Every structure is written in structure tokens, then in C-alpha cells.
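Take 0 as the starting number for the sequence shown in numbering that gives the first Met the number 0 and just add one per residue.
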Amino acid sequence: MSFNPSSGSDDSQPETDIAALTSTIHIGTIANLARNTYSRIIKETVPCVVNSKYKVGTDHAVWPIYFEDGAQWIIRIPQRDWSPLLEKNLQANIDVMNFIGAHTTIPLPRIYGYSTNVDNPLGRPYVFMQLMPGKLLWERWFDPEWFTERRRKTVFRSLAEYLCQLNRFELPALGTIQIDPISQVLSVGPILPTPQSVDEDHASGTANKGPYYSVTKYFYDELTPRIKNEEDEVLKADLISLRMFIRILVDPALDGPPFVLQRPDLHLQNLLVDVDGNITGLIDWDGVCLSSPRQNGYSRYPSWITRDWDPIWY
């Protein structure tokens, strides 16, 4: 099992945000919640230990949990202030993850229990997930003793075989994916905010963006308020120029439906592999509840194999 603990914050989060979160989290409360959740699943009580060392991501802090019978979980707790729309976003993300887990063989974390609101003993939203097996690809990819051409091909083949399973799902619009609990039919509703996009307008509990049936319209509506609110004149000019090029940048053949599922964040730190390079886990599925244009969906390349396409490297 792979877990890289951090005793403090990383570069992606201010230390004050981490301190505000961890100062309110009691390890004993996590252990009690985990034990009670597990007992409801297996119908018996199994003691567990919560590692006090946590890992920090962009929007979550993560603690590993080890049960005496060998089960290994994590708990993910959002770091940001909560709102009704973020509650809906978390529920939608969980629903889509469960849907993908039920209809594919993709090794994503199983979800054991969760709370989408603060009405629980922790006083914060949380998700109990499976601690995935394997070692982070980040730790293997740059290891000259491990990296071989055979293992490189195994990584890509294994990853492609999993992600191509998402091609069986198509959506009629761009927006938040909704799943009928009985028929399992997918539909699309308005776009919900992510933790990164939260502002003062998102506390009301209503969404007013989308769904969209045109990629061009979606990009236009995304850029227009940013242009209006941008105070830096240079950045504002760049955004205006980008908006002018939208109709050229978007392929007309791909402007409308069908739309597709997102893939997880395929950063090297979110891929787990075995010693041969087979993918054993894909983690960080935040944002998977939003449908995607075909040119930006599950089949796009990971950024770490297309660095020569990025102008920033030149």
C-alpha cells in the first residue's frame, strides 16, 4: 500500500489553511467514525488505528486508517469553507465515482462512507475511501534501476486499457452529471462550483450556469466574467484576445454533443503501479462529475508525456 505522509503543508496550500483544518480534527473522532462505518459493512466491530501524519493535497487533507483485520482506508477532508453548492458537488462526484466503479474495471478507490455536510461528529464533510495498493508512479518513473522500455510500455498500455472503458458513456450536454438511482441513466444538470471556483455567489445553494450544448458558448461564458472582473490590464487584454479566438480554436465538428466523462487527474502522484508497471490505482477523481468536450475528456494525454507541446518549456 502506498501513502506518503506529510507532517505539514506543501507548496500548494498556505500553512494557515492547513493549521485551521488540522487544529479542529481529532484522531480519536476519525477512528470512532471509521470503526462504526466498517462495522455497518461487515456486521462486526474491528479496532483501527489512524496515522496522525497526514498528506496534503490541493483541496483536501488525508489520513490513513489501518484496521486489525488488514483493511486499509483513508479519510479525505476538504480544507475549504463549505457551502450548499459544494455539498451538491461532493455528492455528484461520489455518485459518478460509484457509477464508474460499478460499470468498469477501472481501479478507482471504493467509497465506504461519507458525509457531504458538517452535521457529523467531525464537524466537516469527509469521505472514507479504500487505500489503493501499489507504489506511486512518481517514485518509479524517474528511478533508473526500475525504468525500462518494457515497463514504460506496460504503464501506457495498462492506463489506456482502463481509460478506454469510459468511451461507452456519452452525455447530451456540458454540466453536472446526474444519475438516476433506479435506471442508472445519465443526464446533465447545471454546472456546480468546485472548491477552486467558490466565491461569494456560491453560498446561495443555486446554480445558474448551464447545462451547455456548445463548447464555444461554454468557453465564452467562462471567459466573459473573468474579463469583467480582471483588474490587471495586461491579463485582461490576454483574456479578451483568447475570447476572440474561441471560434477558431474549437473544431466545429466537436462543438456540440455527444460529450464525455472526465478522467481523473493523471499526475504521476495520482497513479499507482506494481513492480512491473501495471496500473493498480487511479486516485484524485475530483471534478469527474462534470461532463467534458470530447477533445478534453478521458482520452487526452497526460501532461507529463506531452511536455514538448507546452510553450512554457521553450
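The beta-carbon is built from N, C-alpha and C at its ideal position, and this holds for glycine as well. None of the values given here were measured: they were computed from a predicted structure.
Can you check whether the CB of V259 is closer than 8 Å to the CB of R225?
To locate residue 225, count along the sequence shown from 1; it is residue 226. To locate residue 259, count along the sequence shown from 1; it is residue 260. Contact flag unset, no.
Every unbroken alpha helix (DSSP H) inside the stretch 48-87 [4 residues or more]:
none
According to the neighbour-count rule (16 or more other Cβ atoms, all chains shown, within 10 Å of its Cβ), is A91 buried or exposed?
Here residue 91 refers to the residue found at position 92 of the sequence shown. With at least 16 other beta carbons inside 10 angstroms of its own, A91 counts as buried.
Where F244 falls, given that 16 or more other Cβ within 10 Å makes a residue buried
Taking the first residue of the sequence shown as 1, we reach residue 244 at position 245. By the neighbour-count rule (16 or more Cβ atoms within 10 Å), F244 is not buried but exposed.
Tell whether a beta-carbon distance below 8 Å holds between V287 and M96.
The sequence position of residue 287 within the sequence shown is 288, counting from 1. The sequence position of residue 96 within the sequence shown is 97, counting from 1. Taking 8 Å as the Cβ cut-off, V287 and M96 qualify as a contacting pair.
Got a sec? Which residues, its chain only, sit under 6 Å from E169 by beta carbon, not counting five neighbours each side?
To locate residue 169, count along the sequence shown from 1; it is residue 170. Same-chain partners within the cutoff: P257.
6 Å CB neighbourhood of V249 in its chain, flanking five on each side removed:
As a working mapping, residue 249 is identified with position 250 in the sequence shown. Cβ neighbours of V249 beyond the five flanking positions: V214, T215.
Under the three-state DSSP convention, the category F141 falls into:
Translated into positions along the sequence shown, residue 141 becomes position 142. Three-state result, F141: coil.
Determine whether the beta carbon atoms of I99 and A33 lie at a separation below 8 Å.
Taking the first residue of the sequence shown as position 1, residue 99 is located at position 100. Taking the first residue of the sequence shown as position 1, residue 33 is located at position 34. Cβ atoms of I99 and A33: not closer than 8 Å.
DSSP state of Y211 mapped onto helix, strand, coil:
Walking along the sequence shown from the start, residue 211 turns up at place 212. It is a strand residue.
I'd like to know whether the C-beta atoms of D58 and D307 end up nearer to each other than 8 Å.
Mapped onto the sequence shown, residue 58 falls at position 59. Mapped onto the sequence shown, residue 307 falls at position 308. For D58 and D307, no; Cβs fall outside 8 Å.
Hey, is the stretch 264-275 in contact with the stretch 109-126, meaning 3+ C-beta pairs nearer than 8 Å?
no
Is the beta carbon of R242 closer than 8 Å to that of L222?
As a first step, residue 222 is located in the sequence shown; it is residue number 223 there, counting from the start. As a first step, residue 242 is located in the sequence shown; it is residue number 243 there, counting from the start. It is a contact, given that the beta carbons lie within the stated cut-off.
When you measure from the CB of T28 to every non-hydrogen atom of the ligand ZN, does any distance come out below 7 Å?
Absence of the ligand ZN from the depicted structure is noted, as is the absence of any ligand whatsoever, leaving it without description.
Within a Cβ cutoff of 6 Å, which residues of the same chain sit near W137, ignoring the five residues on either side of it in sequence?
To locate residue 137, count along the sequence shown from 1; it is residue 138. Within its own chain, the residues whose Cβ lies closer than 6 Å to the Cβ of W137, once the five positions on either side in sequence are excluded, are L267, Q268, listed in chain order.
Taking a contact to mean a Cβ-Cβ separation below 8 Å, would you say S290 touches I176 in this structure?
As a working mapping, residue 290 is identified with position 291 in the sequence shown. As a working mapping, residue 176 is identified with position 177 in the sequence shown. Taking 8 Å as the Cβ cut-off, S290 and I176 qualify as a contacting pair.
Helix or strand or just coil, what does DSSP make of K227?
To locate residue 227, count along the sequence shown from 1; it is residue 228. Three-state DSSP puts K227 in a helix.
Reducing DSSP to helix, strand and coil, say where V367 ends up.
In the structure as shown, the chain starts at 0 and stops at 313, and residue 367 therefore has no counterpart that could be examined.
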